[in-house]
Amino acid sequence: MKNSQPISTGTRSGSASCDRRCTVAYWLVMALACAVFFVMNMLTTLKEDDMSFTLVEGVWTPMHSLTDVIRSYCNQYVDANGRLANLVPELFGGLLGKWAFNICNTLVFGVLLHVFGLLVTGRRSLLVVAMFLAVVGTCFPVPGETMLWMSGSANYMWAITLSLLLVLYLLRDHRESLGWGGAIGLLLYAFVAGGFNEATSFGFFVGLCAYYLFNRDRFDRRAGVALVGYLLGILLLISSPGAWARLSTSGIVSSLGLSDLVSSRWYIFHEKMWRFLLPVAVILIGLVTLLLRRGRSVKQCVWTYIFVALALVMFALGIIHERAYAPLATVAFIIVALAVDDFTRDWRWVRLTLIAAALALAAFTFVRGIRVLREYKAFDDQAVSEIVAAPQQAVLLERQFEGYSPFVKPMNFISTNFFAHELIYRAYFGKENVQFVSDSVFARYHQGRLLEGAVLCPMTSDRPDVISEVMTIPGQDY
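Its first residue numbered 1, the sequence shown is counted upward by one per residue in my numbering.
Structure, rendered in structure tokens:
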């Protein structure tokens, strides 16, 4: 785990250049992985959040210009959150189109793969790429939401890539002094990386600060500028009025006593750690490293600090959504890859076996994912066509996708589950109303006897502008 020391732009000592066959194999695997990922992007449909980002926040009208994008972001900053990641689905969903996003998202995925090798070995690494592809298909947090879903990818894969590139830059061995132009550029880049999404930036910032605190000889002007820019991005996030307003409804458990609060957070955190496996592997690797190397390697490893900081952030917030654990799983993967690269450095055939096994596992999981994505796309296309063909009062049969893949994030075509999403469907498809109901309700509605035998429920609504009264039909399932 010594690779956290400044990364040289050259190759590791004892290997002046990569073997030509290894280089060809590396780029072939990279090209194939990106091609498969592009196909998966093409098969991924728009989700509810993606649809909402095509509309101007607050007025729910389609976007037509950059002015609409800026206006929508400002409204979101007040009403929802201040994430700069919001600009990605707004630009692509509202103006440029999904096809342009598919291309750019694939490019970001390729950059992420390449950066892993540079961070772990200081050069291109087929082993690291193969390992990550296998991890994505098996135990990475919901890749359908964190890598393919348009708004989800921006909030997680794009945010993670931006922060990893910043760390890569800081770890490099810089021989030139940082001029004013470079300092301004670094400040702006760090600001964007820090303001993209809090699930990534909070932990990365705290981890970097702790790393430089315990390794003060590594701190220089570049690190100072980067940390200031990163902090400014975080301040953009936490100063959003909408972020504080959403705190109680964002999947964060907070309304408990102290003991119950700690217990609930430990339960959530413990369950996620075991589900994604990589964080548990990191803890074991850390214990072994402490015993064998007396902690020197751990102290000098920047990823140790970032991993602990991300884990503390996840524990403190008690976030239920699995996608929020993507940054933690990413850093955990880097630490695991550092250990694997270190322990197998002199065992060529072991490395080749690991590469072959990882690529085979990745191929199996990605092919299976493509099959389910194709099935879901057909399901989604049929549902969307029914909405488009329906009258302004679109009352349709509820639909539920039965297949499963971590690469698929199904839409909700069941109104009893997610009432709020119908508001998005209504605005996106230009309907007065969109509802997905059960067989019995569907039949009663289209026979003109929906409220036959209905009785008024005793209820006082705190939002009469949304729901003023509720009727129930004895003996019915709705």
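Don't be surprised by glycine CBs; every beta carbon is placed ideally from N, CA and C.
1) CA-CA distance, Ala394 and Met411?
2) So is Leu236 buried or exposed if we call it buried at 16+ other beta carbons inside 10 Å?
3) Can you tell me which residues form a DSSP beta bridge with Arg20?
4) According to DSSP, is Phe407 part of a helix, a strand, or is it coil?
5) Leaving out five residues before and five after Gln76 in sequence, what residues of the same chain have Cβ atoms less than 6 Å from its Cβ?
6) In angstroms, rounded to a whole number, what distance separates the CA positions of Arg216 and Arg222?
7) Look at the alpha carbon of Ala100 and the alpha carbon of Val455, and state the distance between them as a whole number of angstroms.
8) Alpha carbon to alpha carbon, what distance is there between Gln435 and Phe366?
9) Quick one: residues in its chain with C-beta nearer than 7 Å to the C-beta of Gly194, no 5 flanking neighbours on either side, listed in chain order?
10) Name, in chain order, the residues that DSSP records as bridge partners for Pro143.
11) Considering Val395, what are the terminal residues of the beta strand (DSSP E) in which it resides?
12) Does the separation of the CB atoms of Met150 and Leu46 fall below 8 Å?
13) Distance check for Asp79 and Ser250, CA to CA, integer angstroms please.
14) Per DSSP, Pro62 forms a beta bridge with which residues?
15) Identify the residues that DSSP records as bridge partners of Gln435: which are they?
16) Using three-state DSSP, classify Phe429 as helix, strand or coil.
17) Counting pairs of beta carbons, one from the segment 175-183 and one from the segment 445-453, are three or more of them closer than 8 Å?
18) Using a threshold of 8 Å, state whether the C-beta atoms of Ile285 and Leu127 are closer than that.
19) Does the beta-carbon distance from Phe30 to Val129 come in below 8 Å?
20) Assuming the contact rule is C-beta atoms closer than 8 Å, Gly97 and Asp68 should be a hit. Round their C-beta distance to whole Å, please.
21) Relative to the C-alpha of Gly110, which candidate in Tyr26, Leu451 and Val88 has its C-alpha closest?
22) Roughly how many whole angstroms lie between the Cα atoms of Val470 and Gly453?
23) Could you please give the first and the last residue of the uninterrupted alpha helix (DSSP H) stretch that includes Leu235?
24) Let's see if you can read the secondary structure: which residues bound the alpha helix (DSSP H) around Cys209?
25) According to the Cβ coordinates, are Val313 and Thr304 closer than 8 Å?
26) Applying the criterion that 16 or more other CB atoms from any shown protein chain within 10 Å of the CB defines a buried residue, is Met42 buried or exposed?
27) My understanding is that Ala427 touches Trp158, with C-beta atoms under 8 Å, so please give their C-beta distance in whole angstroms.
28) From this set, Thr44, Val331 and Ala134, which residue's C-alpha is nearest Asn102's C-alpha?
29) Assuming Pro141 and Ala281 make a contact with CB atoms under 8 Å, what is their CB distance in whole Å?
30) Determine the direct distance from the alpha carbon of Val115 to that of Leu164, and round the result to whole angstroms.
31) Could you name each continuous beta strand (DSSP E) segment of 3 residues or more that falls completely within the segment 318-353, going from the start of the chain to the end?
32) Quick one: Cα of Pro241 to Cα of Phe219, how far?
33) Looking at Arg463 and the ligand GDP, is the gap between the Cβ and the nearest heavy atom below 7 Å?
34) So, are the CB atoms of Ala134 and Ala362 less than 8 Å apart?
35) Along the chain, where does the alpha helix (DSSP H) containing Leu126 start, and where does it finish?
In this structure, then:
1) The residue given as residue 394 occupies position 394 in the sequence shown. The residue given as residue 411 occupies position 411 in the sequence shown. Whole-angstrom Cα-Cα distance: 17 Å.
2) On the sequence shown, position 236 is the one that residue 236 refers to. It counts as buried.
3) Position 20 of the sequence shown, counted from the start, is the residue given in the question as residue 20. Arg20 is not bridged to any residue.
4) Here the question's residue 407 lines up with position 407 in the sequence shown. Phe407: coil per DSSP, three-state reduction.
5) As a working note, residue 76 is residue 76 in the sequence shown. Once the five neighbours on either side are set aside, the close Cβ partners of Gln76 are Glu57 and Asn86.
6) Stepping through the sequence shown from its first residue, residue 216 is reached at position 216. Stepping through the sequence shown from its first residue, residue 222 is reached at position 222. Going by the C-alpha atoms only, they are around 13 Å apart.
7) Indexing the sequence shown from 1 puts residue 100 at position 100. Indexing the sequence shown from 1 puts residue 455 at position 455. So the alpha carbons of these two residues sit roughly 51 Å apart.
8) Looking up residue 366 in the sequence shown gives position 366. Looking up residue 435 in the sequence shown gives position 435. About 34 Å.
9) Translated into the one-based positions of the sequence shown, residue 194 becomes position 194. Same-chain partners within the cutoff: Ser201, Phe205, Gly229, Tyr230, Leu231, Leu232, Gly233 and Ile234.
10) Within the sequence shown, the letter at position 143 stands for residue 143. In the DSSP output, where bridge partners are listed per residue, Pro143 has none listed.
11) In the sequence shown, residue 395 corresponds to position 395, counting from 1. Gln393 to Leu397 is the span of the beta strand (DSSP E), which, as asked, contains Val395.
12) Looking up residue 150 in the sequence shown gives position 150. Looking up residue 46 in the sequence shown gives position 46. Yes; because the gap between Cβ atoms is below 8 Å, this pair is in contact.
13) Here residue 250 corresponds to residue number 250 of the sequence shown, with the count starting at 1. Here residue 79 corresponds to residue number 79 of the sequence shown, with the count starting at 1. Only weak support is given to the placement of Ser250: the predicted model assigns it a pLDDT of 49, under 50, and the question is left unresolved by the model.
14) As a first step, residue 62 is located in the sequence shown; it is residue number 62 there, counting from the start. Its beta-bridge partners are Leu55.
15) Within the sequence shown, the letter at position 435 stands for residue 435. Val395.
16) Here residue 429 corresponds to residue number 429 of the sequence shown, with the count starting at 1. Reduced to three states, the DSSP call for Phe429 is helix.
17) no
18) As a working mapping, residue 285 is identified with position 285 in the sequence shown. As a working mapping, residue 127 is identified with position 127 in the sequence shown. No. Outside cutoff.
19) Position 30 of the sequence shown, counted from the first residue, corresponds to residue 30. Position 129 of the sequence shown, counted from the first residue, corresponds to residue 129. Note on identity: in this sequence residue 30 is Met, with Phe being the wrong assignment. Their beta carbons are under 8 Å apart, which means Met30 touches Val129 by this criterion.
20) On the sequence shown, residue 97 is found 97 positions in, with the first residue counted as 1. On the sequence shown, residue 68 is found 68 positions in, with the first residue counted as 1. No, Gly97 and Asp68 are not in contact; Cβ-Cβ is about 15 Å, not under 8 Å.
21) Position 110 of the sequence shown, counted from the first residue, corresponds to residue 110. Looking at the Cα atoms, Tyr26 is the closest of the given residues.
22) As a working note, residue 470 is residue 470 in the sequence shown. As a working note, residue 453 is residue 453 in the sequence shown. Rounded to the nearest angstrom, the two C-alpha atoms are 14 Å apart.
23) If you number the sequence shown from 1, residue 235 lands on position 235. Residues Arg221 to Ile238.
24) Walking along the sequence shown from the start, residue 209 turns up at place 209. It spans Glu198 to Phe214 - the alpha helix (DSSP H) in which Cys209 sits, taken as one unbroken run.
25) As a position in the sequence shown, residue 313 is number 313, starting the count at 1. As a position in the sequence shown, residue 304 is number 304, starting the count at 1. Contact flag unset, no.
26) Counting from 1 along the sequence shown, the entry for residue 42 is found at position 42. Exposed, by the Cβ-count rule.
27) Looking up residue 427 in the sequence shown gives position 427. Looking up residue 158 in the sequence shown gives position 158. The pair is not a contact, with the Cβ atoms about 26 Å apart (cut-off 8 Å).
28) Sequence index remark: in the sequence shown, residue 102 carries index 102 (1-based). Measuring from the Cα of Asn102, the nearest candidate turns out to be Thr44.
29) Taking the sequence shown and counting its residues from 1, the one referred to as residue 141 is at position 141. Taking the sequence shown and counting its residues from 1, the one referred to as residue 281 is at position 281. Incorrect: roughly 15 Å between the Cβ atoms, too far for contact.
30) The sequence position of residue 164 within the sequence shown is 164, counting from 1. The sequence position of residue 115 within the sequence shown is 115, counting from 1. Straight-line Cα distance between these residues: approximately 7 Å.
31) none
32) Here residue 241 refers to the residue found at position 241 when the sequence shown is read from its first residue. Here residue 219 refers to the residue found at position 219 when the sequence shown is read from its first residue. Roughly 34 Å separates the two Cα atoms.
33) In the structure shown, the ligand GDP is absent, as is every other ligand, since no ligand is present at all.
34) Translated into the one-based positions of the sequence shown, residue 134 becomes position 134. Translated into the one-based positions of the sequence shown, residue 362 becomes position 362. Yes, the pair counts as a contact, with Cβ atoms nearer than the cut-off.
35) Stepping through the sequence shown from its first residue, residue 126 is reached at position 126. Counting along the chain, the alpha helix (DSSP H) containing Leu126 begins and ends at Leu126 to Thr138.
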